[in-house]
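**Q** Those letters in the sequence shown? Residues 1 to 418, by UniProt numbering. Can you keep this structure in mind? I'll have questions shortly.
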Amino acid sequence: MSDIANRRQFLKFSAAAAIGAALPENLKRALAVAPNRVTGTIQDVEHVVILMQENRSFDHYFGCLQGVRGYGDPRAEKLPDGSSVFAQPDGKGGHVMPFLFNTAHTSSACIASLDHSWKGTQTAWNEWDTWVPHKTAMTMGHFTRTEIPYYYALADAFTVCDAYHASIFGPTNPNRLFLFTGTNGLAVGNDGVQAIRNVDDGNWSAGMAHDRADFTPFRWATYPEKLQAAGISWRVYQEYDNFGDNPLASFAQFCNLDPRSWEYQRARMIVPGSTASGMHDTEGRYLVAAFEDDVAHGRLPQVSWIVPPAALSEHPNAPPGYGEHLISQLMDVFVRHPDVWAKTVFILNYDENDGFFDHVPPPVPALDPRHGGGTVVTDGEAYHTVPVGLGPRVPAIVVSPWTKGEGSKNPLVLRSAL
Numbered sequence: 001m002s003d004i005a006n007r008r009q010f011l012k013f014s015a016a017a018a019i020g021a022a023l024p025e026n027l028k029r030a031l032a033v034a035p036n037r038v039t040g041t042i043q044d045v046e047h048v049v050i051l052m053q054e055n056r057s058f059d060h061y062f063g064c065l066q067g068v069r070g071y072g073d074p075r076a077e078k079l080p081d082g083s084s085v086f087a088q089p090d091g092k093g094g095h096v097m098p099f100l101f102n103t104a105h106t107s108s109a110c111i112a113s114l115d116h117s118w119k120g121t122q123t124a125w126n127e128w129d130t131w132v133p134h135k136t137a138m139t140m141g142h143f144t145r146t147e148i149p150y151y152y153a154l155a156d157a158f159t160v161c162d163a164y165h166a167s168i169f170g171p172t173n174p175n176r177l178f179l180f181t182g183t184n185g186l187a188v189g190n191d192g193v194q195a196i197r198n199v200d201d202g203n204w205s206a207g208m209a210h211d212r213a214d215f216t217p218f219r220w221a222t223y224p225e226k227l228q229a230a231g232i233s234w235r236v237y238q239e240y241d242n243f244g245d246n247p248l249a250s251f252a253q254f255c256n257l258d259p260r261s262w263e264y265q266r267a268r269m270i271v272p273g274s275t276a277s278g279m280h281d282t283e284g285r286y287l288v289a290a291f292e293d294d295v296a297h298g299r300l301p302q303v304s305w306i307v308p309p310a311a312l313s314e315h316p317n318a319p320p321g322y323g324e325h326l327i328s329q330l331m332d333v334f335v336r337h338p339d340v341w342a343k344t345v346f347i348l349n350y351d352e353n354d355g356f357f358d359h360v361p362p363p364v365p366a367l368d369p370r371h372g373g374g375t376v377v378t379d380g381e382a383y384h385t386v387p388v389g390l391g392p393r394v395p396a397i398v399v400s401p402w403t404k405g406e407g408s409k410n411p412l413v414l415r416s417a418l
């Protein structure tokens with residue numbers, strides 16, 4: 001295909017996506033619920049529900065969404081040679097523009113994972129121009145409203161964050177450590193390899209009986225423990241298959257637990273009905289049923305994390321549509337219980353970008369005064385003198401009665417601030 005044709009296609013997909021299509025019924029009902037306004041402060045929020053999905057970049061999902069810093073960004077950076085950041089060099093004298101993953105005619109919904117190692121992504125940060133050589137041309141593939149209609153509708157109806165970055169350059173586990181503890185270990189003096197790589201005991205299920213005895217667990221304090229100490233209720237919802245995405249299982253405080261203990265029942269318990277023999281059930285029905293049972297009976301904690309099974313996690317090669325189905329089911333739960341929804345903030349976010357391109361270089365504090373000044377404390381921001389992040393942008397949507405139709409919000413958002 002010629003450069004002219006490439007440019008025409010790129011401009012076509014960069015145009016604002018039409019939003020005339022009717023919203024799904026459950027989103028209409030969610031929008032109809034008024035927020036719980038008692039004090040007019042954050043105290044009116046009684047429940048925060050967090051669901052972190054896997055391995056997608058912001059541009060990869062929402063580059064074509066109207067009103068965000070996507071492919072139509074008027075302030076997009078230039079590459080060192082002055083060319084557009086969207087024209088990524090291929091390492092052979094050419095370039096690759098963003099292109100559509102057409103799921104109707106290809107298997108791109110099930111694309112394989114790309115390189116998303118710490119060093120592989122951190123190398124791209126240098127000049128932001130080595131995406132294709134390090135991650136192949138597939139890094140430039142993206143979806144539109146046609147391929148992920150529910151997520152575009154969700155972003156239209158509520159608030160999408162277009163300055164939300166992964167915590168570090170690199171893979172799942174360090175980024176999820178930030179979600180559950182506020183650090184990958186560096187800020188609390190643990191400079192082990194868990195700060196930049198996936199370190200766990202290999203038990204990618206919620207079954208505590210499969211924890212490996214020879215694994216050396218982490219020991220720093222987690223957010224759930226701090227919530228517990230403050231008298232704030234919390235819980236992790238997970239099926240037997242949790243894809244290894246509950247990092248609390250890697251902490252000594254949550255290993256070898258008595259099933260009657262609060263630690264087990266809030267951090268490690270498997271929802272009723274989910275078993276080892278059915279762990280690859282792709283519907284997530286036990287997860288949703290357990291969540292709704294708590295919502296319906298006044299047991300929804302003040303803070304909860306939902307950890308989906310692998311097939312619904314959207315990790316390549318899991319189709320995005322499977323994740324959309326899960327989120328739609330959870331929105332059904334909320335609108336069936338509007339009294340609870342009126343008091344709830346639901347945060348849908350992603351741990352890291354896999355190897356998918358995003359055009360906005362992340363802010364990284366200068367570790368050496370010769371490279372810039374500032375007042376930002378940089379303790380815990382380097383692994384053996386090398387910056388660890390922030391990483392590329394990832395999708396994040398804040399869904400609640402307080403955040404209706406807000407469109408894009410672009411102040412910088414830090415994962416650990418959740």
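We treat Cβ as the ideally placed atom computed from N, Cα and C, and that holds for glycine.
Measure the alpha-carbon distance for Q88 versus I111 and round it to whole angstroms.
**A** Walking along the sequence shown from the start, residue 88 turns up at place 88. Walking along the sequence shown from the start, residue 111 turns up at place 111. Rounded to whole angstroms, Q88 to I111 spans 20 Å at the Cα level.
**Q** Hey, could you find the ends of the beta strand (DSSP E) residue 461 is sitting in?
**A** Residue 461 lies beyond the residue range present for the chain, which begins at 1 and ends at 418; the question has no answer from this structure.
**Q** Tell me which residues share the same chain as A76 and place their Cβ nearer than 6 Å to its Cβ, disregarding the 5 neighbours each side in the sequence.
**A** Translated into positions along the sequence shown, residue 76 becomes position 76. Excluding sequence neighbours, A76 sits near V85, H359.
**Q** Helix, strand or coil: which one does DSSP assign to I50?
**A** Position 50 of the sequence shown, counted from the start, is the residue given in the question as residue 50. It is a strand residue.
**Q** Is it buried or exposed, P369, if we count other Cβ atoms within 10 angstroms and call 16 or more buried?
**A** Within the sequence shown, numbered from 1, the residue matching residue 369 stands at position 369. The residue in question, P369, is exposed, as its Cβ has fewer than 16 Cβ neighbours within 10 Å.
**Q** Does G298 pass the burial test, meaning 16 or more other C-beta atoms within 10 Å, or should it be called exposed?
**A** Within the sequence shown, the letter at position 298 stands for residue 298. It counts as exposed.
**Q** From what residue to what residue does the alpha helix (DSSP H) around S233 run?
**A** Counted from its first residue, the sequence shown places residue 233 at position 233. Segment: none, S233 is in no alpha helix (DSSP H) and carries neither H nor E.
**Q** Mind pulling the alpha helix (DSSP H) runs of 4 or more residues that sit fully within the segment 97 to 185?
**A** Counting whole runs of 4 or more residues, the segment 97 to 185 contains the alpha helix (DSSP H) stretches 118 to 125, 131 to 135, 149 to 157, 172 to 181.
**Q** Does the segment 51 to 62 come within contact of the segment 319 to 334, defined as at least 3 CB pairs closer than 8 Å?
**A** The segment 51 to 62, when compared against the segment 319 to 334, does touch it at the 8 Å Cβ threshold.
**Q** Closest to G70 by C-alpha separation, out of V132, K119, F143, would be which residue?
**A** For this step, residue 70 is matched to residue 70 along the sequence shown. For G70, the nearest C-alpha among the options comes from F143.
**Q** DSSP state of P387, grouped into three classes?
**A** Position 387 of the sequence shown, counted from the first residue, corresponds to residue 387. DSSP places P387 in strand when its eight states are reduced to three.
**Q** Are S400 and Q302 closer than 8 Å when you measure CB to CB?
**A** The residue you call residue 400 lines up with position 400 of the sequence shown. The residue you call residue 302 lines up with position 302 of the sequence shown. No; because the gap between Cβ atoms is not below 8 Å, this pair is not in contact.
**Q** Given a threshold of 16 other Cβ atoms within 10 Å of its Cβ, counted over all protein chains shown, does W402 qualify as buried or as exposed?
**A** The residue labelled residue 402 in the question sits at position 402 within the sequence shown. With 16 or more other Cβ atoms within 10 Å, it is buried.
**Q** So N198 and T172 are in contact, right, with Cβ under 8 Å, and what is the actual spacing, rounded?
**A** By 1-based counting over the sequence shown, the position of residue 198 is 198. By 1-based counting over the sequence shown, the position of residue 172 is 172. Contact holds; Cβ gap of about 6 Å.
**Q** With a threshold of 6 Å on Cβ separation, who are the neighbours of L312 within its own chain once the five nearest residues in sequence on each side are excluded?
**A** Walking along the sequence shown from the start, residue 312 turns up at place 312. Taken in chain order, the residues that qualify are G284, Y322, G323, L326.
**Q** Which stretch, first to last residue, makes up the beta strand (DSSP E) that contains S304?
**A** Looking up residue 304 in the sequence shown gives position 304. Here the beta strand (DSSP E) through S304 covers 303 to 307.
**Q** List the whole-angstrom C-beta distance separating V364 from G405, where the pair is believed to meet the contact cut-off of C-beta under 8 Å.
**A** For this step, residue 364 is matched to residue 364 along the sequence shown. For this step, residue 405 is matched to residue 405 along the sequence shown. Actually they are not in contact, since the Cβ atoms of V364 and G405 sit about 33 Å apart, beyond 8 Å.
**Q** Whole angstroms are fine: how far does the CA of G91 sit from the CA of L367?
**A** What you label residue 367 is simply residue 367 of the sequence shown in a count that begins at 1. What you label residue 91 is simply residue 91 of the sequence shown in a count that begins at 1. Roughly 30 Å separates the two Cα atoms.
**Q** Hey, how far is the Cα of S14 from the Cα of R212?
**A** Counted from its first residue, the sequence shown places residue 14 at position 14. Counted from its first residue, the sequence shown places residue 212 at position 212. Because the pLDDT of S14 is 39, which lies under 50, any placement of that residue in the model is unreliable, and the question is left without a value.
**Q** Does the segment 280 to 295 come close enough to the segment 211 to 226 to have 3 or more Cβ pairs within less than 8 Å?
**A** At 8 Å Cβ cutoff, the stretches do not touch.
**Q** In terms of alpha-carbon separation, which member of A104, F101, S83 lies closest to G94?
**A** Residue numbering aside, residue 94 sits at position 94 when the sequence shown is read from its first letter. Of A104, F101, S83, the residue nearest in Cα terms is S83.
**Q** Should I306 go down as buried or exposed, given a rule of 16 or more other Cβ atoms within 10 Å for buried?
**A** In the sequence shown, the residue the question calls residue 306 occupies position 306. I306 should be labelled buried.
**Q** Indicate whether E239 and P338 have their beta-carbon atoms separated by less than 8 Å.
**A** Residue numbering aside, residue 239 sits at position 239 when the sequence shown is read from its first letter. Residue numbering aside, residue 338 sits at position 338 when the sequence shown is read from its first letter. Not closer than 8 Å, so no.
**Q** Tell me which residues share the same chain as F218 and place their Cβ nearer than 6 Å to its Cβ, disregarding the 5 neighbours each side in the sequence.
**A** Counting from one through the sequence shown, the residue named residue 218 turns up at place 218. Cβ neighbours of F218 beyond the five flanking positions: S250, F251.
**Q** Could you give the distance in angstroms between the alpha-carbon of G72 and the alpha-carbon of P98?
**A** As a working mapping, residue 72 is identified with position 72 in the sequence shown. As a working mapping, residue 98 is identified with position 98 in the sequence shown. The straight-line gap from Cα to Cα measures roughly 12 Å.
**Q** For the alpha helix (DSSP H) that A289 lies in, which residues bound it at each end?
**A** Numbered from its first residue, the sequence shown carries residue 289 at position 289. From DSSP, the alpha helix (DSSP H) with A289 extends over 285 to 296.
**Q** Using a threshold of 8 Å, state whether the C-beta atoms of H48 and V160 are closer than that.
**A** In the sequence shown, the residue the question calls residue 48 occupies position 48. In the sequence shown, the residue the question calls residue 160 occupies position 160. The displayed chain sequence assigns Val, not His, to residue 48. For V48 and V160, no; Cβs fall outside 8 Å.
**Q** Take I347 as the anchor and find which of D332, V376, I397 has the nearest alpha-carbon.
**A** Within the sequence shown, the letter at position 347 stands for residue 347. The residue with the shortest Cα to Cα distance from I347 is I397.
**Q** Tell me whether the beta-carbon of Y150 lies closer than 8 Å to the beta-carbon of Y61.
**A** Mapped onto the sequence shown, residue 150 falls at position 150. Mapped onto the sequence shown, residue 61 falls at position 61. Against a cut-off of 8 Å, the Cβ pair of Y61 and Y150 comes out as no contact.
**Q** What residues in its chain sit with their C-beta under 8 Å from that of D200, if we drop five residues either side in the sequence?
**A** Sequence index remark: in the sequence shown, residue 200 carries index 200 (1-based). Closer than 8 Å at Cβ, skipping near neighbours: N173, F215, G244, P247, A249, S250.
**Q** CB A267 to CB V288, shorter than 8 Å?
**A** If you number the sequence shown from 1, residue 267 lands on position 267. If you number the sequence shown from 1, residue 288 lands on position 288. Contact flag unset, no.
**Q** Which residue comes first and which comes last in the alpha helix (DSSP H) that contains N26?
**A** Position 26 of the sequence shown holds residue 26. N26 -> alpha helix (DSSP H) spans 25 to 31.
**Q** Please classify E25: is it buried, with 16 or more other beta-carbons within 10 angstroms of its beta-carbon, or exposed?
**A** Stepping through the sequence shown from its first residue, residue 25 is reached at position 25. Burial call: exposed.
**Q** Can you check which of these residues, P259, G231, T282, is closest to G207 by C-alpha distance?
**A** For the purposes of this step, residue 207 is taken as the residue at position 207 of the sequence shown. When each option's Cα is compared against that of G207, the closest is P259.
**Q** Restricting to runs no shorter than 4 residues, where is the alpha helix (DSSP H) found entirely within the segment 51 to 87?
**A** Qualifying alpha helix (DSSP H) stretches, in chain order: 58 to 62.
**Q** To the nearest angstrom, how far is it from the Cα of R8 to the Cα of A109?
**A** Indexing the sequence shown from 1 puts residue 8 at position 8. Indexing the sequence shown from 1 puts residue 109 at position 109. Any reading at R8 must be qualified, since the residue scores a pLDDT of 43, below 50, and its modelled position is unreliable; the value itself is stated next. Taking the straight line from one Cα to the other gives about 24 Å.
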